[in-house]
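Let me begin by presenting the structure, written as structure tokens, before commenting on it.
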Amino acid sequence: MRVMRRLIARIRNFATGHHGDERLREEMGQHLAMQTEENIRTGMAPEEARRQARLQFGAVETIRERYRAEESLQIIEALLRDMRISGRTLLRSPGFSIIAILVMALCIGATTSLFTVMRSVLLRPLPFRDPDQLVMIYEHFRDPSKNAQQFNYNSVAPADFYDWRAQTHGFEDMAVWRWWQYNLTGQHGELPELVSARAGSWNLFPLLGVQAAIGRTFTENEDRADGAAVMLTWNIFERRFGGDASIVGKQIHLDGKPYTVIGVLPRWFTYPDAKVQIWVPYASGMSPELLGYHDHHFSYVVARLRPEVSLANALSQVGAVQYRSHMRYLNDPVAEDVVSRTLSKDLAKDVTKPLVVLLGAVACMLLIGCLNVANLLVARSAARQKEISIRSALGAQRVTLIRAQLMESLLISIAGGAAGVMLSLAATRWLVNTWKDLPSAQGIHVDAVVMIFACGLVFAAALLAGLLPAISSTGKRAIAALQASARSGTGSQARTALRKSLLTIEIAATVVLLISAGLLLKSFWRLRTTDVGCVTENVLTISYNLPAKKYETPEKANAFNEGLLERVRNLPGIRAAGLGFLVPGAGPMGDDAFTIREHPAIPPGQELPVALYARADPDFFTTLQIPLLNGRFFTKDDRAGHPETVIVSRQLAQQYLPGENPLGKHLHVGAVGGDANYEIVGVVADTLYQVGKPSEATIYFPALGGNPLGGMLVVRTASDPLAFSVLVQKQIAALDPEMPVRDVFTLQQIIERSLGNASLSASLVLAFAVLSLMLASVGLYGVLSYLTTQRTGEIGIRIALGAQRDQVMRLMLGDGMRPALYGLALGLAASAGAVRLVQSMLYETQPLDPAIFTGVATTLLAVAALACMIPAWRASRIDPMQALRSE
Amino acid sequence: MKQKKDVQQGTLALMVLKTLDVLGPLHGYAVARRIEQISGDLLSVNQGTLYPVLLRLEQEGAIASDWATSDNNRRARFYRLTRTGHKLLETEKHDWEQTAEIIARFFEVKAEDLA
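This is the structure in structure tokens:
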């Protein structure tokens with residue numbers, strides 16, 4: 010109570026700037042006068058009376074100080090005073106201040122930015138009801154050889170999901186969703202648009218705890234094959250429908266079929282990613298036959314755990330159901346087991362590793378930045394040694410001196426931090442836009458925790474940068490500087506050692522960063538230069554969907570396809586044009602199990618061979634220059650209504666038909682091919698479906714066969730392919746003005762996009778590394794320049810005594826290079842450990858790649874030598890006469 | 218010769234409170250003189266040290282002060298005890314007596330008492 014009152018009074022005085030100086034002076038005056046009077050009364054001479062009164066009263070200054078201390082918040086006043094002085098000091102050398110603040114801003118900004126992303130993606134809970142209880146369940150193939158292809162977390166077949174949900178009780182509920190996309194048109198001929206969609210079971214939104222912002226979510230009754238209800242995400246609701254709530258209850262057309270809009274999802278709802286525009290019921294448009302498959306994996310299962318049931322228990326129930334299913338369909342690719350991961354981990358799975366690596370990189374850079382500022386401060390405190398010595402000789406406490414110096418680094422950090430936070434706002438937005446894989450369900454933005462983190466960072470940086478110089482420049486040795494003559498310069502020996510060790514750490518951290526960046530870059534380069542198995546230059550791809558309503562027969566679809574190909578081939582500058590469904594490097598379309606009719610039946614319990622599937626028209630392979638190894642390409646006759654034919658990749662032939670002639674053999678392809686037996690008519694060379702993944706056995710179906718609802722036009726051009734894109738699109742519009750196209754890309758763009766993450770992390774780490782190298786070389790230069798100035802006298806004497814210029818230069822160079830060499834050795838050793846972190850991100854690159862290690866070592870030494878060269882050269886040019894006279 | 222004692226931290230505040238309690242409103246000089254008198258010059262207090270203590274007590278609300286004219290027609294700041302001050306004095310007095318009693322008991326203890 011008393012303490013509180015006192016504090017409040019002090020704060021009030023402090024805030025109002027109230028000073029009782031006047032009052033104290035008057036009171037003291039009266040006091041002395043009264044005492045003097047009394048002393049005179051007791052018989053003293055007036056002069057003596059006054060003197061005695063003073064003596065009895067005590068030291069006026071001390072009392073006044075104690076009075077002031079009592080009156081106000083002394084610590085804060087002192088801090089403010091320190092701050093004023095430091096601010097003035099910083100303003101006096103704007104060059105130093107700006108550089109230091111800039112370094113801090115960059116480092117703190119980058120760190121804050123990555124922390125923002127990391128917090129949003131990895132740490133912040135999902136905006137769903139009890140998000141900790143939510144898990145994703147996947148099918149799990151136990152065969153470890155399949156784990157490389159991520160079959161260990163395999164998407165779920167619809168029939169498996171229905172079994173799980175009906176037969177287990179460990180979960181409160183399970184919901185399922187799948188990918189889809191629709192051609193969205195209005196009722197009155199509005200612009201067609203291809204929208205990314207998800208089909209979710211009716212209980213998905215209640216399970217997540219999400220309510221519609223407008224309208225309602227799906228009902229169980231709508232989750233059927235003919236369920237024609239659709240929910241809009243906020244994105245399309247605002248963008249296409251102008252945020253007009255009256256859209257609810259109206260109809261929109263998806264692939265030409267009318268769907269009723271029943272609700273709009275809240276603005277914050279961006280699960281599973283922000284690109285999703287509409288949701289339809291899971292079973293909508295799915296035949297009961299398709300929903301009955303146990304081996305057609307295309308769905309994702311979200312489950313909510315019962316609070317009283319352990320995850321292991323609930324999962325083992327699901328696993329048991331799955332194993333029964335596996336035993337029932339031994340020949341089909343039905344997984345034996347299930348696995349789960351939490352919903353938040355599931356969303357962040359692709360970015361966790363790069364995020365941790367990037368955060369490590371910026372932490373390294375922050376450390377280097379702080380050390381650099383520390384180094385600059387050590388140099389400055391050397392210049393101010395006299396001032397510090399005098400202050401400490403006059404009785405300033407060490408703590409006071411340290412506080413005063415820390416204030417300087419604190420001011421730098423605060424200014425840098427403020428600029429850094431601004432920077433991080435922009436950087437975060439850039440990162441979110443550039444980093445395609447970042448899950449956005451939590452919303453990535455700066456919040457209170459991030460601000461607290463940034464403030465913490467500012468203080469940590471201030472301490473790191475300021476404490477060492479402050480401690481080293483104060484203390485017992487401080488007085489010694491006063492006694493030491495200018496000639497000796499011995500007092501600075503310890504400080505030089507300190508600067509050198511700071512530099513060693515700085516260089517070591519730089520080496521670690523450079524090596525990580527080098528490895529990531531080399532891996533990225535390996536990816537970039539991978540031969541995907543086809544020509545990648547001057548290839549344009551355009552995808553389109555044929556609405557099922559308008560092109561309901563294969564004949565109609567093929568008429569469009571062939572008409573388009575004909576038109577495109579006749580354009581000037583087009584070398585070749587073909588039709589497929591996807592190109593190498595664009596990722597897999599899907600895979601399926603198959604059997605070879607000519608082979609004996611595979612006994613139950615043994616899995617069927619699996620191949621990726623793709624489509625090709627007669628000119629697809631020649632357009633992409635994928636060589637034919639055996640047999641023939643498709644012809645115009647390989648189409649619906651004719652004998653079923655396929656072309657296989659070399660890997661399929663070698664893997665499943667070793668030593669046999671694949672031509673004339675027949676494949677029976679389960680889910681995709683229906684009941685037909687496909688004759689192999691050709692074998693083509695292998696291509697990579699995705700850069701960075703091993704090639705897979707592939708089956709090509711004729712693009713003109715069956716009833717594909719669209720395709721990918723592949724065009725090889727004579728010159729820059731993008732220049733042809735409008736021309737080609739016009740041909741499509743000429744045939745069918747309502748047909749939307751999508752994914753107009755060159756093949757190189759497609760491959761680059763698939764490498765986006767590797768490219769992003771490699772270039773970011775490289776940027777951090779280069780920045781660190783710059784910082785380290787500036788530090789090196791600074792230390793050696795300082796050293797040169799310190800030793801001017803000594804060098805003057807050496808030269809006067811006959812030392813050769815190049816000897817002096819060698820001496821100085823050696824002095825500067827020693828910390829660089831130590832740092833290099835330390836950094837190489839540390840890198841050997843640090844590369845473990847990036848190891849899993851590398852493609853065809855050894856973590857201890859000798860070329861990278863030597864390359865980094867050479868670069869660092871060269872840069873270090875360059876940074877040392879200038880001061881060393883300056884030292885060798887010292888005029889001995891002048892040097893000695895200046896002392 | 219009598220040895221002068223340094224005043225313990227906090228004791229001075231208690232003395233000020235008691236003085237004001239007994240004698241009513243006083244100015245700083247009078248308080249200082251009374252304390253000297255009562256303690257029989259046993260305490261070595263620089264009179265000046267009183268002022269920070271007075272300020273502190275005032276900020277704690279234990280005393281209040283106003284300018285007034287003293288007996289010999291001098292303008293002086295008079296300090297008086299507030300109700301909070303009274304309460305504070307009571308508790309402090311109680312605490313002090315308790316401490317003194319406990320210490321006294323320890324000094325009176327003999328070896329046979331503890332056997």
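Line by line, the protein sequences give chains A and B. Take 10 as the starting number for the first sequence in the numbering used here and just add one per residue. Take 218 as the starting number for the second sequence in the numbering used here and just add one per residue. Cβ coordinates follow ideal geometry from the N, Cα and C atoms, glycine included.
{"Query": "Can you name the start and end residues of the beta strand (DSSP E) that ALA586(A) belongs to?", "Result": "583-589"}
{"Query": "At which residues does the beta strand (DSSP E) containing ALA568(A) begin and terminate?", "Result": "From DSSP, ALA568(A) is part of no beta strand (DSSP E) but of the alpha helix (DSSP H) over 563-578."}
{"Query": "My assumption, with CB atoms under 8 Å, is that LEU773(A) sits in contact with ALA881(A). Please give the rounded CB distance.", "Result": "Wrong, their Cβ atoms sit about 35 Å apart, outside the cutoff."}
{"Query": "Just how far apart, CA to CA, sit LEU822(A) and ARG407(A)?", "Result": "36 Å"}
{"Query": "Would you mind stating whether VAL577(A) and ALA568(A) have Cβ atoms separated by less than 9 Å?", "Result": "no"}
{"Query": "Buried or exposed, going by whether 16 or more other CB atoms sit within 10 Å of the CB of PHE468(A)?", "Result": "exposed"}
{"Query": "What does ILE72(A) reach in chain B if we use C-beta pairs closer than 8 Å?", "Result": "ASN263, GLY265, THR266, TYR268 and PRO269"}
{"Query": "Compare the Cα-Cα distances from SER293(A) to each of ARG313(A), TRP188(A) and LEU434(A) and report the closest residue.", "Result": "TRP188(A)"}
{"Query": "Near THR125(A), which residues of its chain fall below 6 Å by C-beta distance, leaving aside the five closest residues on each side in sequence?", "Result": "THR437, VAL455 and VAL459"}
{"Query": "Output yes if chain B places a C-beta closer than 9 Å to the C-beta of PHE23(A); else output no.", "Result": "no"}
{"Query": "For HIS27(A), count neighbouring C-beta atoms within 10 Å of its own C-beta (all shown protein chains included) and say buried if the count is 16 or more, exposed if not.", "Result": "exposed"}
{"Query": "Quick check: what's the CA-CA separation for LEU789(A) versus VAL112(A)?", "Result": "16 Å"}
{"Query": "Cα separation between LEU473(A) and LEU135(A)?", "Result": "35 Å"}
{"Query": "In chain order, what residues of the same chain lie with their CB nearer than 6 Å to the CB of SER433(A), ignoring the 5 residues before and after it?", "Result": "GLY118, THR121 and SER122"}
{"Query": "Count the other C-beta atoms from every protein chain shown that fall within 10 angstroms of the C-beta of LYS558(A), then say buried if there are 16 or more, exposed otherwise.", "Result": "exposed"}
{"Query": "For the pair the segment 229-247 of chain B and the segment 297-310 of chain B, tell me if three or more CB-CB distances fall below 8 Å.", "Result": "yes"}
{"Query": "Taking its Cβ as the centre, do 16 or more other Cβ atoms sit within 10 Å of GLN891(A), making it buried, or is it exposed?", "Result": "exposed"}
{"Query": "Hey, could you find the ends of the alpha helix (DSSP H) TYR831(A) is sitting in?", "Result": "814-848"}
{"Query": "In chain order, which alpha helix (DSSP H) runs of at least 4 residues are fully inside the segment 739-791 of chain A?", "Result": "756-763"}
{"Query": "ASN48(A) by DSSP, collapsed to three states: which one?", "Result": "helix"}
{"Query": "Could you give the distance in angstroms between the alpha-carbon of TYR171(A) and the alpha-carbon of SER422(A)?", "Result": "58 Å"}
{"Query": "Between the beta-carbon of VAL657(A) and the beta-carbon of ILE708(A), is there less than 9 Å?", "Result": "yes"}
{"Query": "Please tell me whether GLY302(B) and ALA279(B) are closer than 9 Å, where the distance is taken between their beta carbons.", "Result": "yes"}
{"Query": "Let's test the definition: count the other Cβ atoms within 10 Å of the Cβ of GLU229(A) and tell me whether it reaches 16, buried, or not, exposed.", "Result": "exposed"}
{"Query": "Does GLN276(B) have its Cβ less than 9 Å from a Cβ in chain A?", "Result": "yes"}
{"Query": "Give the DSSP bridge partners of LYS266(A), in chain order.", "Result": "LEU263(A)"}
{"Query": "Between the Cα of THR910(A) and the Cα atoms of LYS362(A), LEU352(A) and THR483(A), which residue gives the shortest distance?", "Result": "No statement about residue 910(A) is possible, as the shown extent of chain A runs from 10 to 896 and does not include it."}
{"Query": "Is ASN766(A) near TRP444(A), with beta carbons less than 9 Å apart?", "Result": "yes"}
{"Query": "So is GLU277(B) buried or exposed if we call it buried at 16+ other beta carbons inside 10 Å?", "Result": "buried"}
{"Query": "Do GLN414(A) and ALA479(A) have their CB atoms nearer than 9 Å?", "Result": "yes"}
{"Query": "Pairs of beta-carbons, one from the segment 623-640 of chain A and one from the segment 536-549 of chain A, closer than 8 Å: are there three or more?", "Result": "yes"}
{"Query": "If contact is defined by three or more beta carbon pairs under 8 Å, each pair taking one atom from either stretch, is the segment 12-30 of chain A in contact with the segment 247-258 of chain B?", "Result": "no"}
{"Query": "Using the three-state DSSP reduction, which class does ALA62(A) fall into: helix, strand or coil?", "Result": "helix"}
{"Query": "Quick one: using the 10 Å Cβ neighbour count with 16 as the cut-off for buried, is ALA328(B) buried or exposed?", "Result": "exposed"}
{"Query": "Nearest chain B C-beta to GLN44(A) closer than 9 Å, yes or no?", "Result": "yes"}
{"Query": "Quick one: does the C-beta of GLN254(B) sit closer than 8 Å to a heavy atom of the ligand SAM?", "Result": "This structure simply doesn't include the ligand SAM, nor any ligand for that matter."}
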